[in-house]
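> Under the numbering used here, the first residue of the sequence shown carries the number 2, and numbering increases by one thereafter.
We put the beta carbon where it would ideally sit given N, CA and C, even for glycine.
Input: one structure, supplied below.
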Amino acid sequence: MSGSKVYLDYNSTTPLAPEVFSTITEALQRCWANPSSSHEEGVLARQCIEKARGHVAAMIGAKDSDIIFTSGCTESNNAVLRSCVRHHQHLSKEEGTTMLPHIVTSNLEHGSVLRTAQELADNGEIELTVIKANPRCGHVLVDDVIGAIKQNTVLVSIMHANNETGVIQPVKEISLQMARLIKEQKYTDLFLHTDTAQTCGKIPVNVSELGVDFISIAGHKFYGPRIGALYIRDLESKTVPFYPMIIGVGQERGYRSGTEDTGYIAGMGKAAELVCNNLDTYHKQLKEIRDYLEQQLTEHFGDDVHFNARFDGVERIPNTSNVSLIGKNLEGWNVLKNLKHSMASTGSACHSKTAKASQTLLCSGVPEDIARNAMRLSLGRNTTKEDVHIFIADLRETVKALKLVN
Ligand SMILES: Cc1ncc(COP(=O)(O)O)c(C=O)c1O
Numbered sequence: 002m003s004g005s006k007v008y009l010d011y012n013s014t015t016p017l018a019p020e021v022f023s024t025i026t027e028a029l030q031r032c033w034a035n036p037s038s039s040h041e042e043g044v045l046a047r048q049c050i051e052k053a054r055g056h057v058a059a060m061i062g063a064k065d066s067d068i069i070f071t072s073g074c075t076e077s078n079n080a081v082l083r084s085c086v087r088h089h090q091h092l093s094k095e096e097g098t099t100m101l102p103h104i105v106t107s108n109l110e111h112g113s114v115l116r117t118a119q120e121l122a123d124n125g126e127i128e129l130t131v132i133k134a135n136p137r138c139g140h141v142l143v144d145d146v147i148g149a150i151k152q153n154t155v156l157v158s159i160m161h162a163n164n165e166t167g168v169i170q171p172v173k174e175i176s177l178q179m180a181r182l183i184k185e186q187k188y189t190d191l192f193l194h195t196d197t198a199q200t201c202g203k204i205p206v207n208v209s210e211l212g213v214d215f216i217s218i219a220g221h222k223f224y225g226p227r228i229g230a231l232y233i234r235d236l237e238s239k240t241v242p243f244y245p246m247i248i249g250v251g252q253e254r255g256y257r258s259g260t261e262d263t264g265y266i267a268g269m270g271k272a273a274e275l276v277c278n279n280l281d282t283y284h285k286q287l288k289e290i291r292d293y294l295e296q297q298l299t300e301h302f303g304d305d306v307h308f309n310a311r312f313d314g315v316e317r318i319p320n321t322s323n324v325s326l327i328g329k330n331l332e333g334w335n336v337l338k339n340l341k342h343s344m345a346s347t348g349s350a351c352h353s354k355t356a357k358a359s360q361t362l363l364c365s366g367v368p369e370d371i372a373r374n375a376m377r378l379s380l381g382r383n384t385t386k387e388d389v390h391i392f393i394a395d396l397r398e399t400v401k402a403l404k405l406v407n
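If you want it as structure tokens, here you go:
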């Protein structure tokens, strides 16, 4: 419950965990000085940031020095794409070639990847290939991604799990195939990026297992504050080149300038520490309550409920259920607007006010009339069976009333 209503929109944002809230307030009180100052107050603030960096690194099995803090996952995604373009431009200059850098991504990506890539393409800065998700499984196929790679490809950017459907993308398999390609074809400047905004805190995210070069992280999706982080493999040894997007006086070792938000960084560190200590429990609880919700939906709505992202043998993050109720007047936005005791979004929170069918669902093979009725139900750590009962009763009342409207 959130206030008096059941909140089922945790993929949009999560509240701060109580421990995170205390850590932020304490850091704001104790570590308020500029972390770049060399006096003892500054050193205290610096230590606070480095401690947080250690927790974020541990959450994804990375080295501390491979993490930089950003303003959010949107910035992290932008930074990766733009850095790879800059790197290619540098190489082209050195080698005297004129070929544009090529980026491969998918039609399921968040706008901070897809629109950035599109803008770079529209400006004539890159050649872009957008891989279509396979409508039979709701994710990209490894062969489609690998098949799109060419001599001038600098970056493959495929999200870890989709924010609307929760479907997990085959990032690990793509990385294995890319490693083979790099070895056989001797590609030296081809990198793999994944956006983990929807997976950190829900399923294991591990840099070695995923085998990626860049990872974008969003604090506010795992009960942390609204900042982000970016993992860059072996940053210090410059194995993976990184060209900063924000230039200034060199905070974050010059990779991301701007005086650090010590309080929020400390909070993100605490949120990451909670994930490190409790991921198995979070995963188990989320899956149990999501499965219960789906079972209750089936029990109460029978054939009138359509699960938009349940593909045979395809893994989903444990907290997300994308469903449509079939019938007149039951468009997702209309049902959600009329709920009295619960809150959710039709899809990505940024697009929740539109009556149009979600592109992500259409790309995932959901027919348009069903996609228009979609609701994304995303559960949190504290969602209970009682919340599910309240939501189901609310939904039943709303559907009954809407069906009577001409
Ligand atoms: C998959 C994905 N990537 C990126 C973002 C953007 O993250 P932020 O809000 O931290 O900029 C979101 C948030 O909705 C998301 O779901």
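Looking at C-alpha atoms only, which residue of 406, 381, 28 and 22 is the closest neighbour of residue 222?
Within the sequence shown, the letter at position 221 stands for residue 222. Out of 406, 381, 28 and 22, 381 has the C-alpha closest to the C-alpha of residue 222.
> Tell me whether residue 111, by its Cβ, gets closer than 6 Å to a heavy atom of ligand 3.
Only ligand 1 can be found as ligands here, which leaves ligand 3 out of the picture.
> In three-state DSSP terms, what is residue 321?
Residue numbering aside, residue 321 sits at position 320 when the sequence shown is read from its first letter. Residue 321 falls in the strand class under three-state DSSP.
> What are the uninterrupted segments assigned as alpha helix (DSSP H) that are 4 or more residues long and contained completely in the stretch 255 to 324, given in chain order?
The stretch 255 to 324 contains these whole alpha helix (DSSP H) runs: 263 to 302.
> What is the DSSP secondary structure of residue 100, counted as helix, strand or coil?
The count along the sequence shown starts at 1 and reaches residue 100 at position 99. Residue 100: coil per DSSP, three-state reduction.
> Evaluate contact between the stretch 286 to 294 and the stretch 379 to 398, counting only Cβ atoms and requiring at least three cross-stretch pairs below 8 Å.
Touching, per the Cβ criterion.
> Give me the Cβ distance between residue 62 and residue 209, rounded to the nearest whole Å; I'm assuming they're in contact under 8 Å.
Here residue 62 refers to the residue found at position 61 when the sequence shown is read from its first residue. Here residue 209 refers to the residue found at position 208 when the sequence shown is read from its first residue. Their Cβ separation, rounded to whole angstroms, is 6 Å, which keeps residue 62 and residue 209 in contact under 8 Å.
> When the Cα atoms are used, what is the spatial distance from residue 59 to residue 401?
As a position in the sequence shown, residue 59 is number 58, starting the count at 1. As a position in the sequence shown, residue 401 is number 400, starting the count at 1. Approximately 49 Å between the Cα atoms of the pair.
> Does the Cβ-Cβ distance between residue 225 and residue 160 come in under 7 Å?
Stepping through the sequence shown from its first residue, residue 225 is reached at position 224. Stepping through the sequence shown from its first residue, residue 160 is reached at position 159. In this structure, residue 160 does not lie closer than 7 Å to residue 225 by Cβ.
> Could you tell me whether any non-hydrogen atom of ligand 1 is closer than 6 Å to the CB of residue 196?
Within the sequence shown, the letter at position 195 stands for residue 196. Checking every heavy atom of ligand 1 against the Cβ of residue 196, one is found closer than 6 Å.
> Return yes when the C-beta of residue 74 is under 6 Å from any heavy atom of ligand 1, and no when it is not.
What you label residue 74 is simply residue 73 of the sequence shown in a count that begins at 1. Yes, the Cβ of residue 74 comes within 6 Å of a heavy atom of ligand 1.
> With 16 as the cutoff for other CB atoms within 10 Å, does residue 252 come out buried or exposed?
The sequence position of residue 252 within the sequence shown is 251, counting from 1. It counts as buried.
> Look up residue 92 in the DSSP assignment and say whether it is helix, strand or coil.
Within the sequence shown, numbered from 1, the residue matching residue 92 stands at position 91. Helix, per DSSP.
> Contact defined as beta carbons within less than 8 Å: I believe residue 217 pairs with residue 197. What is the distance between those atoms, to the nearest angstrom?
Numbered from 1 along the sequence shown, position 216 holds the residue referred to as residue 217. Numbered from 1 along the sequence shown, position 196 holds the residue referred to as residue 197. About 6 Å; that satisfies the 8 Å criterion.
> Please tell me whether residue 410 and residue 117 are closer than 7 Å, where the distance is taken between their beta carbons.
Beyond the ends of the chain as shown, which are 2 and 407, falls residue 410; an answer cannot be given.
> Under 7 Å, do residue 108 and residue 86 count as touching if we go by C-beta distance?
To locate residue 108, count along the sequence shown from 1; it is residue 107. To locate residue 86, count along the sequence shown from 1; it is residue 85. Their beta carbons are not under 7 Å apart, which means residue 108 does not touch residue 86 by this criterion.
> Determine the closest residue to residue 311 out of 323, 304, 40 and 305, with distance taken between C-alpha atoms.
Numbered from its first residue, the sequence shown carries residue 311 at position 310. Residue 323 is the option with its Cα nearest to residue 311.
> Please name the residue in 95, 123, 238 and 112 whose C-alpha comes closest to that of residue 103.
Against the sequence shown, residue 103 aligns to sequence position 102. Selected option, being the one with the closest Cα: 123.
> Where does the unbroken alpha helix (DSSP H) through residue 179 begin, and where does it stop?
Here the question's residue 179 lines up with position 178 in the sequence shown. Here the alpha helix (DSSP H) through residue 179 covers 172 to 186.
> Indicate the three-state DSSP secondary structure (helix, strand or coil) for residue 388 in the structure shown.
In the sequence shown, residue 388 corresponds to position 387, counting from 1. In this structure, residue 388 counts as helix in the three-state DSSP scheme.
> Please report the Cβ distance between residue 377 and residue 165, rounded to the nearest whole angstrom; I am assuming they are in contact, meaning their Cβ atoms lie under 8 Å.
Taking the first residue of the sequence shown as 1, we reach residue 377 at position 376. Taking the first residue of the sequence shown as 1, we reach residue 165 at position 164. Going by Cβ atoms, the distance from residue 377 to residue 165 rounds to 5 Å, so yes, they are a contact pair.
> Buried or exposed: residue 98, going by 16 or more other Cβ atoms within 10 Å of its Cβ?
By 1-based counting over the sequence shown, the position of residue 98 is 97. So residue 98 ends up on the exposed side.
> Could you check whether residue 379 and residue 309 sit closer than 7 Å to each other, using their CB atoms as the reference points?
For the purposes of this step, residue 309 is taken as the residue at position 308 of the sequence shown. For the purposes of this step, residue 379 is taken as the residue at position 378 of the sequence shown. Going by C-beta atoms, residue 309 is not nearer than 7 Å to residue 379.
> Only counting the same chain, and skipping five residues up and downstream in sequence, which positions put a Cβ closer than 6 Å to that of residue 274?
Your numbering for residue 274 matches position 273 in the sequence shown. Excluding residues within five positions, the ones whose Cβ falls inside 6 Å are 56.
> Please list the terminal residues of the continuous beta strand (DSSP E) segment that includes residue 37.
Along the sequence shown, read from residue 1 onward, the residue named residue 37 stands at position 36. Neither: residue 37 is in no beta strand (DSSP E) and is coded neither H nor E.
> Starting from residue 233 and walking both ways along the beta strand (DSSP E), at which residues does that stretch end?
Indexing the sequence shown from 1 puts residue 233 at position 232. Note, residue 233: beta strand (DSSP E), 229 to 233.
> Rounding to the nearest angstrom, what Cα-Cα distance links residue 233 and residue 51 in this structure?
Translated into positions along the sequence shown, residue 233 becomes position 232. Translated into positions along the sequence shown, residue 51 becomes position 50. Taking the straight line joining both Cα atoms gives about 16 Å.
> Apart from the five residues on each side of it in sequence, which residues of its chain come closer than 7 Å, Cβ to Cβ, to residue 1?
Given a span of 2 to 407 for the chain in the structure shown, any question on residue 1 remains unanswerable.
> Can you tell me which of 110, 141, 6 and 19 puts its alpha carbon nearest to the alpha carbon of residue 359?
As a working note, residue 359 is residue 358 in the sequence shown. The shortest C-alpha separation from residue 359 is found at 110.
> Pick helix, strand or coil for residue 338, following the three-state DSSP scheme.
On the sequence shown, residue 338 is found 337 positions in, with the first residue counted as 1. Note: residue 338 maps to helix in three-state DSSP.
> Tell me residue 135's beta-bridge partners as DSSP assigns them.
In the sequence shown, residue 135 corresponds to position 134, counting from 1. According to DSSP, residue 135 bridges with 140.
> Please report the Cβ distance between residue 172 and residue 211, rounded to the nearest whole angstrom; I am assuming they are in contact, meaning their Cβ atoms lie under 8 Å.
Position 171 of the sequence shown, counted from the start, is the residue given in the question as residue 172. Position 210 of the sequence shown, counted from the start, is the residue given in the question as residue 211. Yes, residue 172 and residue 211 are in contact; Cβ-Cβ is about 5 Å, under 8 Å.
> For residue 194, which beta-bridge partners are listed by DSSP?
By 1-based counting over the sequence shown, the position of residue 194 is 193. BP columns for residue 194 point to 158 and 215.
> Since residue 457 contacts residue 397 with CB under 8 Å, what's their CB separation in whole angstroms?
As displayed, the chain neither begins before 2 nor continues past 407, which places residue 457 out of reach and without an answer.
> Go ahead and label residue 318 buried or exposed: buried means 16 or more other beta carbons lie within 10 angstroms of its beta carbon, across all protein chains shown.
Taking the sequence shown and counting its residues from 1, one reaches residue 318 at position 317. Flag for residue 318 reads buried.
> In the DSSP output, what is residue 377 paired with across the bridge?
Here residue 377 corresponds to residue number 376 of the sequence shown, with the count starting at 1. Answer by DSSP bridge pairing, in chain order: 323 and 346.
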